[in-house]
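Q: This note's numbering puts the first residue of the sequence shown at 3, with every later residue one more than the last. Positions of the beta carbon are idealized from the N, C-alpha and C atoms, including for glycine. Encoded as structure tokens, here's the structure I'll be asking about.
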Amino acid sequence: MSEIETEELSLSDIYNLSLKVFTKNGCNGNNATALSKIVHDAERDGSLSHGLFRIPGYVASLRSGKVKGDAEPVIDNSLPSVISIDGNYGFAPYALEKGLPYLSNSAEQLGIAIMKITNTFHFAALWPETEFLANKGLVGIACTAAKPMVAPAGAKKAFFGTNPISFAWPRIGETPIVFDMATSRLAMGDVQIAARDGHQLPDGTGLGPNGEPTNNPKDVIKGVLLPFGGYKGSAISLMVELLSAGLTGDNFSYEAGEKDNNDGGPPKGGELVIAISPKLVAGNNWEKHTLDFIKKLKELEGIRIPGERRHKNRFNTGLRKINKEMLQKVRNLL
Ligand code: NDP
């Protein structure tokens with residue numbers, strides 16, 4: 003296999019390049035900065051399928067007119083425990099940036115609150131929203147549907163999205179415990195990266211166009227992904243559909259698929275974010291109690307805590323090696 007060519011960029015270069023591309027392609031200041039921060043944070047943490055790699059898709063949706071680069075999300079907090087945000091056909095990061103402080107305030111006062119986001123286009127990782135809450139001492143849960151890419155357990159036809167779910171648990175003075183995962187065996191972004199880099203996929207990732215299992219990423223892109231863990235992952239994906247579409251009133255994945263213009267960017271959909279105060283629910287001992295639990299867990303041989311890989315990357319402020327071909331694609335959007 004040929005060596006993949008890379009170019010070194012600083013984190014501020016990554017942020018500035020993103021800002022220029024988003025601004026040049028129709029984003030106003032608030033949307034461009036919210037998106038660039040998301041791209042920067044993904045590259046900083048090594049969430050490579052959701053950083054610079056996503057920019058061509060974001061730009062395709064700005065250029066096709068599907069997504070509004072000047073969208074101003076509108077917040078309705080007339081119900082104390084339910085924050086509703088209408089994203090007004092913009093990308094999710096600015097709606098989240100505006101809405102999350104309302105959500106955390108409500109959960110801090112009431113013990114639990116939810117935020118439903120509608121009319122947005124989510125193309126990022128979900129840990130930024132759950133970590134925002136954990137950094138305020140709250141438990142965060144977030145999920146969103148997409149468009150059909152995953153065959154539910156037993157089926158051969160795509161019906162679910164890759165339907166990610168993220169959970170973050172606060173640790174005062176430390177990085178939170180966070181998982182953020184697609185409910186498919188692999189996220190589509192990772193399959194695309196494997197296809198680009200000539201890597202084979204792990205068993206159980208997907209079916210080819212003929213409905214047969216395959217390890218070839220190019221065949222899976224033409225076929226369907228499978229849920230992680232068979233019928234169990236399929237059940238969690240079903241829950242994500244119901245929470246992020248049934249409960250928000252926005253698109254189920256199949257509805258998003260029917261309406262999307264397939265411009266290469268994300269489909270329109272909803273997101274549900276839940277915030278819970280452990281202090282108000284479990285009482286003041288919550289922190290010591292859970293730190294003791296994590297300490298015991300970490301004593302087990304072979305254990306790795308979800309989120310640890312990203313958080314370790316975060317403390318490295320040095321240059322990042324970026325795939326040169328992908329970087330050129332991003333620069334060509336200027
Ligand atoms: P991964 O399978 O890479 O990782 C899932 C989680 O498991 C991470 O929290 C990771 O922690 C943790 N983890 C990985 N390996 C181990 C291990 N050996 N032991 C313990 N924990 C481990 O993620 P996915 O490929 O499923 O998803 C990638 C991203 O795609 C997510 O951020 C998701 O939000 C995003 N996505 C977004 C969509 C959208 O519509 N916006 C659609 C689908 C996916 P760590 O991070 O530290 O490695």
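Within 10 angstroms of its Cβ, does residue 264 collect 16 or more other Cβ (buried), or is it exposed?
A: Its Cβ having fewer than 16 others within 10 Å, residue 264 is exposed.
Q: Give the DSSP-derived three-state secondary structure of residue 186 in the structure shown.
A: Strand at residue 186.
Q: CA-CA distance, residue 147 and residue 247?
A: Between residue 147 and residue 247, the C-alpha separation is close to 7 Å.
Q: From the DSSP output, in three-state form, read off residue 121 for me.
A: Strand, per DSSP.
Q: Quick check: what's the CA-CA separation for residue 298 versus residue 136?
A: Answer to the nearest angstrom: the Cα atoms are 21 Å apart.
Q: Please report how far the alpha carbon of residue 11 lies from the alpha carbon of residue 312, in whole angstroms.
A: Cα to Cα, the separation comes out at about 18 Å.
Q: When you compare each of 85, 30 and 65 to residue 250 by their alpha carbons, which one comes out closest?
A: Closest option to residue 250, Cα to Cα, is 85.
Q: Compute the Euclidean distance between the alpha carbons of residue 278 and residue 112, then round it to the nearest angstrom.
A: C-alpha separation (whole angstroms): 9 Å.
Q: Would you list the residues sitting across from residue 242 in a DSSP beta bridge?
A: Answer is none; residue 242 lacks a bridge partner.
Q: By DSSP's criteria, residue 169 is part of a beta bridge. Which residues make up the other side?
A: Paired residue(s): 143 and 181.
Q: Beta-carbon within less than 8 Å of residue 225's beta-carbon, same chain only, minus the 5 sequence neighbours each way: which residues are those?
A: Counting only Cβ-Cβ distances below 8 Å, and skipping sequence neighbours, we find 208, 209, 210, 211, 212, 213 and 216.
Q: Roughly how many angstroms lie between the CA atoms of residue 1 and residue 220, to the nearest whole one?
A: Outside the modelled stretch of the chain, which goes from 3 to 336, sits residue 1, for which no answer is possible.
Q: Taking the C-alpha atoms as reference points, what is the distance between residue 77 and residue 37?
A: Using only the alpha carbons, I get a separation of about 19 Å.
Q: For residue 388, which residues from the same chain have a beta carbon less than 7 Å from its beta carbon, with the 5 sequence-adjacent residues on both sides left out?
A: Any property of residue 388 remains undetermined from this structure, which presents the chain solely from 3 to 336.
Q: Should the region 11-22 be called in touch with the region 99-114, which here means at least 3 C-beta pairs below 8 Å?
A: No contact exists between the region 11-22 and the region 99-114.
Q: Measuring from the CB of residue 166, is there a heavy atom of the ligand NDP at a distance below 7 Å?
A: Yes - the ligand NDP has a heavy atom lying nearer than 7 Å to the Cβ of residue 166.
Q: For the beta strand (DSSP E) that residue 318 lies in, which residues bound it at each end?
A: Unbroken run through residue 318: none, as it is neither H nor E.
Q: Pull up the distance between the alpha-carbon of residue 329 and that of residue 53, whole angstroms please.
A: Straight-line Cα distance between these residues: approximately 11 Å.
Q: For the ligand NDP, any of its heavy atoms closer than 7 Å to the Cβ of residue 125?
A: Within the cutoff, so yes.
Q: Is the number of C-beta pairs between the region 282-300 and the region 158-178 that are closer than 8 Å three or more?
A: Yes, the region 282-300 is in contact with the region 158-178.
Q: Over what stretch of residues does the beta strand (DSSP E) that includes residue 275 continue unbroken?
A: It spans 270-278 - the beta strand (DSSP E) in which residue 275 sits, taken as one unbroken run.
Q: CA-CA distance, residue 59 and residue 268?
A: Going from the Cα of residue 59 to the Cα of residue 268 covers about 7 Å.
Q: Report the CB separation of residue 160 from residue 151 in whole angstroms; it is logged as a contact under 8 Å.
A: That belief holds up - the Cβ atoms of residue 160 and residue 151 are roughly 5 Å apart, short of 8 Å.
Q: Exposed or buried, residue 274, counting other C-beta atoms within 10 Å across all chains shown (16 or more means buried)?
A: Counting Cβ neighbours within 10 Å, residue 274 comes out buried, since at least 16 surround it.
Q: Following the continuous alpha helix (DSSP H) through residue 107, name the residue where it begins and the one where it ends.
A: Counting along the chain, the alpha helix (DSSP H) containing residue 107 begins and ends at 94-112.
Q: By the 10 Å Cβ neighbour count, where 16 or more other Cβ atoms means buried, how is residue 6 classified, buried or exposed?
A: That one is exposed.
Q: Pull up the distance between the alpha-carbon of residue 202 and that of residue 282, whole angstroms please.
A: The alpha-carbon atoms of residue 202 and residue 282 are separated by roughly 48 Å.
Q: Alpha carbon to alpha carbon, what distance is there between residue 9 and residue 244?
A: The alpha-carbon atoms of residue 244 and residue 9 are separated by roughly 42 Å.
Q: Going along the chain, which residues of its own chain have a beta-carbon closer than 7 Å to the beta-carbon of residue 326, five neighbours each way excluded?
A: Taken in chain order, the residues that qualify are 7, 8 and 9.
Q: With H, G and I counted as helix, E and B as strand and the rest as coil, what does DSSP make of residue 85?
A: Correct three-state label for residue 85: strand.
Q: Please classify residue 292: does DSSP put it in a helix, a strand, or coil?
A: Residue state, collapsed to three classes: helix.
Q: To which residues of the same chain is residue 49 closer than 6 Å at the C-beta, ignoring the five residues directly before and after it?
A: 127, listed in sequence order.
Q: The ligand NDP and residue 310: does the residue's C-beta get closer than 7 Å to at least one heavy atom of that ligand?
A: Correct: residue 310 has its Cβ closer than 7 Å to the ligand NDP.
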